[in-house]
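Chains as they are written, first to last, in the working numbering: chain B, 1 to 319; chain C, 320 to 638.
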């Protein structure tokens with residue numbers, strides 16, 4: 001059985017994810033990669049920390065999956081294609097069963113998106129995972145937050161709110177109706193534990209969307225950031241929010257809307273599209289929920305009436 | 320005064336390091352970078368954790384410097400030129416004075432090596448810093464650990480052992496002679512707190528060195544890794560170790576040799592050079608300390624005699 005740091009790296013981290021054509025992968029001082037000609041490189045990094053981003057005692061498979069998923073989601077929001085990942089894993093102890101589950105969760109998602117783990121760092125300390133993903137995008141084609149214009153339609157992929165409700169369930173913070181279906185409860189927990197980054201949609205949005213952001217801190221907060229970066233305001237109609245059947249069943253309509261607008265951890269994409277390009281969205285799993293507008297700030301409406309709403313998204317250092 | 324996460328990022332992390340020509344830097348879902356044509360990309364990542372890699376209460380300026388330095392050192396060991404950095408910073412609280420010192424330490428070193436901070440993540444949690452640096456190297460010219468051959472000379476830059484002695488001083492683990500010079504003590508502490516990555520030397524070694532590794536876990540352990548990757552053994556003569564005057568004065572000869580062979584945190588380069596190419600090292604601050612040899616393992620010698628020696632370098636999960 002391997003025990004030390006280098007034996008652990010050899011055993012658990014050498015062949016994670018897809019096999020791409022990489023000059024030098026895990027095992028030297030750095031990875032050597034050959035980006036394709038005519039492309040820009042997109043680089044993202046995100047950390048998840050125990051008891052901050054996921055409950056203590058979360059399944060290791062979920063932690064491995066989420067650490068990669070949150071980064072793939074950022075790459076998708078840039079319209080880029082993920083290619084390589086680096087993993088900095090800080091662990092209180094070298095529990096081999098935990099590592100096997102963690103790398104299985106990370107590796108399955110990496111395989112699914114043709115991403116190869118090419119390097120990393122394994123250190124002792126409080127449980128935290130920092131992943132960095134490198135992707136490629138045809139030169140100057142990256143999707144930014146700043147390209148939106150008043151009149152563009154606002155879209156969201158999937159069904160936001162599910163993950164936040166799932167986390168509330170996992171943490172025992174949500175009183176559920178006695179009639180709640182076990183499958184609905186399980187589906188919501190799964191959405192928190194194993195979010196699906198929208199990589200294929202992100203790539204399809206290149207040349208179509210005017211701006212894009214991924215939903216990590218909540219739809220209202222993240223759309224506000226997109227609107228601010230685009231120099232305009234935004235208007236969202238809560239009656240248009242694509243709320244999932246499990247979310248409506250478990251949380252009820254009012255709480256479901258609240259989860260969808262303010263809950264983090266969705267890792268869906270929110271993007272804007274000029275009206276003339278809307279036909280190009282044909283076949284994409286997304287829903288129009290509002291429009292960018294002149295002015296500043298986010299107006300949350302129910303049909304034609306603006307409703308009171310205030311939430312700026314999750315903030316690690318809010319006072 | 321800014322308080323939340325996004326205000327902190329705006330205030331402290333927007334303009335760190337050099338200004339390079341970057342399509343998209345801090346502030347979107349990811350950074351967009353344009354690697355030069357005809358080059359490979361080198362990607363490295365390293366984490367430093369409080370109480371593991373640096374003593375609790377270390378100066379924030381040193382933490383910022385070291386978090387970048389350990390990564391620049393890895394890039395240098397690949398013979399690459401560092402260009403861009405991403406910073407994942409996990410902090411227990413948003414102390415603005417601490418952040419100002421941290422970013423000053425990070426930023427000064429980044430400027431010195433023409434590196435731009437292009438992205439990152441700021442989260443709450445136990446103090447840990449993960450930095451990822453991207454560098455470029457002419458296609459197929461990266462220095463690997465695996466290119467050494469029996470007969471190649473082994474070189475080391477600078478004066479290894481100083482940083483480990485400095486850390487022992489900072490932790491009060493070393494009894495110092497009453498006569499020890501204050502300047503010598505300060506110099507050793509400084510070598511731990513503000514290591515100088517050997518970026519210029521790493522670039523100069525392209526096409527000259529046959530193999531290269533940076534010294535993070537101790538000369539003996541790291542040279543053993545290089546020899547193993549090169550499929551050969553190595554022989555080091557302790558009488559040839561370039562020990563600094565402060566190290567000899569403070570620790571004495573025997574302990575100085577031990578620090579140089581087994582102490583971590585040097586961030587010097589250890590590299591091998593075929594005898595015919597030795598003249599090309601003219602002007603580089605490095606010292607020949609041994610040779611690669613047929614066989615396996617590291618022999619530590621004093622002149623012609625092999626001495627008893629056993630140390631495999633720092634291991635986070637040694638049992």
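Beta carbons are placed, not taken as given, at the ideal position from N, Cα and C, and that holds for glycine.
Pick from C/440, C/509, C/338 and C/376 that is closest to residue 429 of chain C, judged by C-alpha positions:
Of all alpha-carbon atoms in C/440, C/509, C/338 and C/376, the one lying nearest the alpha-carbon of residue 429 of chain C is that of C/338.
Given a threshold of 16 other Cβ atoms within 10 Å of its Cβ, counted over all protein chains shown, does residue 73 of chain B qualify as buried or as exposed?
Counting of Cβ neighbours within 10 angstroms places residue 73 of chain B among the buried residues, the total reaching 16 or more.
Under 7 Å, do residue 61 of chain B and residue 107 of chain B count as touching if we go by C-beta distance?
Result no, Cβ atoms of residue 61 of chain B and residue 107 of chain B do not sit closer than 7 Å.
Give me whichever residues DSSP pairs with residue 471 of chain C in a beta bridge.
Its beta-bridge partners do not exist; DSSP assigns none.
Which of helix, strand or coil DSSP assigns to residue 484 of chain C:
Annotated three-state conformation of residue 484 of chain C is helix, per DSSP.
Through-space distance from residue 196 of chain B to residue 70 of chain B, alpha-carbon basis:
Note on geometry: alpha-carbon atoms of residue 70 of chain B and residue 196 of chain B lie some 9 Å from one another.
Which of helix, strand or coil does DSSP assign to residue 458 of chain C?
Reduced to three states, the DSSP call for residue 458 of chain C is coil.
What are the partner residues of residue 495 of chain C, as DSSP defines its beta bridges?
DSSP links residue 495 of chain C through a beta bridge to no other residue.
At a CB-CB cut-off below 7 Å, which residues of chain B make contact with residue 516 of chain C?
Within chain B, no residue comes near residue 516 of chain C; the closest Cβ sits about 12 Å away, beyond 7 Å.
Coil, strand or helix - residue 121 of chain B by DSSP
Three-state result, residue 121 of chain B: strand.
Where residue 132 of chain B meets chain C, residues with beta-carbon distance less than 7 Å
Here the neighbours are 364, 405 and 451.
Compare the Cα-Cα distances from residue 560 of chain C to each of C/398, C/574, C/627 and C/371 and report the closest residue.
Comparing Cα positions, the closest option is C/574.
How big is the Cα-Cα spacing for residue 53 of chain B and residue 460 of chain C?
Residue 53 of chain B and residue 460 of chain C: Cα-Cα distance of roughly 40 Å.
Measure the alpha-carbon distance for residue 434 of chain C versus residue 454 of chain C and round it to whole angstroms.
If you take the alpha carbons of residue 434 of chain C and residue 454 of chain C, they lie about 9 Å apart.
Distance CB(residue 90 of chain B)-CB(residue 125 of chain B) smaller than 7 Å:
Yes. Within cutoff.
Mind checking whether the beta-carbon of residue 200 of chain B lies closer than 6 Å to any heavy atom of the ligand MN?
In the structure shown, the ligand MN is absent, as is every other ligand, since no ligand is present at all.
Would you please verify whether the beta carbon of residue 125 of chain B is less than 7 Å from any beta carbon of chain C?
Answer yes: the Cβ-Cβ gap between residue 125 of chain B and chain C drops below 7 Å somewhere.
Taking the alpha carbon of residue 302 of chain B as the point to measure from, which residue in B/293, B/296, B/252 and B/289 has its own alpha carbon closest?
When the alpha-carbon of residue 302 of chain B is set against those of B/293, B/296, B/252 and B/289, the nearest one is in B/289.
Per-residue DSSP class, three states only, for residue 597 of chain C:
Three-state result, residue 597 of chain C: helix.
Just the C-alpha distance for residue 152 of chain B and residue 413 of chain C, rounded to the nearest angstrom, thanks.
Going from the Cα of residue 152 of chain B to the Cα of residue 413 of chain C covers about 37 Å.
Please identify, using Cβ separations under 7 Å, the residues of the region 86–100 of chain B that lie next to chain C, in order along the chain.
Those residues of the region 86–100 of chain B placed with their C-beta closer than 7 Å to a C-beta in chain C are 86, 88, 90 and 94, ordered along the chain.
Using only the alpha-carbon positions, how far apart do residue 320 of chain C and residue 346 of chain C sit?
Confidence in residue 320 of chain C is poor, its pLDDT being 34 and thus under 50, which makes the residue's placement unreliable; the coordinate value appears in the next sentence. Residue 320 of chain C and residue 346 of chain C have their C-alpha atoms roughly 20 Å apart.
How about residue 38 of chain B and residue 86 of chain B: do their beta carbons lie closer than 7 Å?
With contacts defined as CB atoms closer than 7 Å, residue 38 of chain B and residue 86 of chain B fail to qualify as a contacting pair.
Less than 7 Å separating the beta-carbons of residue 306 of chain C and residue 361 of chain C?
Because chain C in this structure spans residues 320 to 638, residue 306 of chain C falls outside the shown range and cannot be described.
Three-state class that DSSP yields for residue 347 of chain C in the structure shown:
In the structure shown, residue 347 of chain C falls within a strand segment according to DSSP collapsed to helix, strand and coil.
Does the region 184–199 of chain B come close enough to the region 290–299 of chain B to have 3 or more Cβ pairs within less than 8 Å?
No, the region 184–199 of chain B is not in contact with the region 290–299 of chain B.
Cutting at 6 Å between CB atoms, please list the residues of its own chain near residue 549 of chain C, excluding the five before and the five after it.
In its chain, beyond the 5 residues on either side, 465, 467 and 530 have a beta carbon closer than 6 Å to the beta carbon of residue 549 of chain C.
By DSSP, does residue 236 of chain B sit in helix, in strand, or in coil?
Correct three-state label for residue 236 of chain B: strand.
Grouping DSSP H, G and I as helix and E and B as strand, with all else coil, what is residue 327 of chain C?
If DSSP states are grouped into helix, strand and coil, residue 327 of chain C belongs with the helices.
Give the C-beta separation of residue 273 of chain B and residue 209 of chain B to the nearest angstrom, bearing in mind that I take them to be a contact with Cβ-Cβ under 8 Å.
The Cβ separation is near 6 Å, so the contact holds.
Among B/82, B/14 and B/49, the one whose alpha carbon lies nearest that of residue 333 of chain B
Nothing about residue 333 of chain B can be reported from this structure: the residues present for chain B run from 1 to 319 only.
Quick one: what does DSSP say residue 452 of chain C is sitting in, helix, strand or coil?
For residue 452 of chain C, the secondary structure class from DSSP, reduced to helix, strand or coil, is strand.
Residue interval of the beta strand (DSSP E) (run including residue 47 of chain B)
Its beta strand (DSSP E) spans residues 39–49.
Where do the ends of the alpha helix (DSSP H) carrying residue 56 of chain B lie?
Premise fails: residue 56 of chain B is in no alpha helix (DSSP H) and is neither H nor E.
For residue 33 of chain B, return the contacting residues in chain C, with the cut-off set at a CB-CB distance below 8 Å.
Near residue 33 of chain B (Cβ distances below 8 Å), the residues of chain C are 359, 360, 361 and 362.
Check whether the Cβ atoms of residue 113 of chain B and residue 194 of chain B lie closer than 7 Å to each other.
With contacts defined as CB atoms closer than 7 Å, residue 113 of chain B and residue 194 of chain B fail to qualify as a contacting pair.
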